[in-house]
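Written out below as structure tokens is the structure these notes cover.
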Amino acid sequence: MAVDRKVERVIRRRAEEPLDWATGEALAFATLLAEGTPVRLTGQDVVRGAFSHRHFALTDTVTGRRHVSLNHLGVEQARFDVVNSPLSEYAVLGFEYGYSLERPDALVIWEAQFGDFANGAQIMIDQFIVSAEDKWRQPSGLVILLRTGWRGRGRSIPPPGRSASSRWRRATTSASPIPRPGQLLPPAAPADAAPRPQAAGGAESEDAAAPARRRVDAGRLRAGHRLPAGDRHRRRGRAHPAVQRQAGL
25 MAVDRKVERV IRRRAEEPLD WATGEALAFA TLLAEGTPVR LTGQDVVRGA FSHRHFALTD
85 TVTGRRHVSL NHLGVEQARF DVVNSPLSEY AVLGFEYGYS LERPDALVIW EAQFGDFANG
145 AQIMIDQFIV SAEDKWRQPS GLVILLRTGW RGRGRSIPPP GRSASSRWRR ATTSASPIPR
205 PGQLLPPAAP ADAAPRPQAA GGAESEDAAA PARRRVDAGR LRAGHRLPAG DRHRRRGRAH
265 PAVQRQAGL
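One point on numbering: in my numbering, the residue at position 130 of the sequence shown is 154, and numbering is uninterrupted.
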């Protein structure tokens, strides 16, 4: 089989290096298929992989024949479907949700396109995926795969047009309690964690920004500005009178 030279390098590197994410994913799918569980994966670029890391299907550059290796594991294996879908998130996710209802025996995965675009599919998520079991007793095993890190290309603030597909947002939309919240949300502070240091009068100790704040105060005084009462007391090294009264000083 004659494959593209770039794909050939990927295959050769995969054989020489330790297991990476793509190989581990392929092995997991192969295990399910060998056990008789069908796997269906759809998304914008799931065959090749958004980062050219999968290559579930190889195309012969001479004959054009397409070969999906995970469909050639053995005679008794289940079917593996991998399909590049259109960018209509609403339509594609709706179809995959319906497919998961008809095939509860299969692992059905919809992978959001690069950047974790899921805002176009939000209606399906809100009305069906996170609430159908609670409203209609209709369970679904559909998996939504966010490949770039649950916040739109891994950024803390997604750029306009990208959905903040964070684990926290998905967890809060659930219609029923999360059985294992520790798997989704960060753990709470340990019980033996040391409390934050307190200054006299119960006020919090000055933080790392205190020197810069003092420089700003000095500049305001030189410019003839009158500092607020709280700032004046802070400059004298004692708490505001209201804080002292509350603390009984």
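Using N, Cα and C, we set each Cβ at its ideal position, and we do this for glycine too.
- C-alpha of Glu-32 to C-alpha of Glu-59: approximately 29 angstroms in a straight line.
- Straight through space, the alpha carbons of Thr-87 and Asp-105 are spaced by roughly 22 angstroms.
- Leaving aside the five residues that flank Leu-57 on each side, the residues in its chain whose CB is nearer than 7 angstroms to its CB run, in chain order, Val-63, Leu-94, Leu-97, Gln-101, Ala-102 and Phe-104.
- Of all alpha-carbon atoms in Thr-61, Ser-112 and Leu-43, the one lying nearest the alpha-carbon of Arg-78 is that of Leu-43.
- When DSSP states are grouped into helix, strand and coil, Leu-65 belongs to the strand group.
- If one requires a minimum length of 3 residues, the beta strand (DSSP E) runs lying completely within the segment 100-151 are 104-108 and 131-135, in chain order.
- By the neighbour-count definition (other C-beta atoms within 10 Å, threshold 16), Thr-85 is an exposed residue.
- Taking all protein chains shown into account, Gly-67 has 16 or more neighbouring C-beta atoms within 10 Å of its C-beta and is therefore buried.
- Within the model, the alpha-carbon separation for Thr-47 versus Glu-157 is close to 34 angstroms.
- Assignment of Arg-72 by DSSP, reduced to helix, strand and coil, places it in the coil class.
- Under the three-state reduction of DSSP, Leu-82 is assigned to strand.
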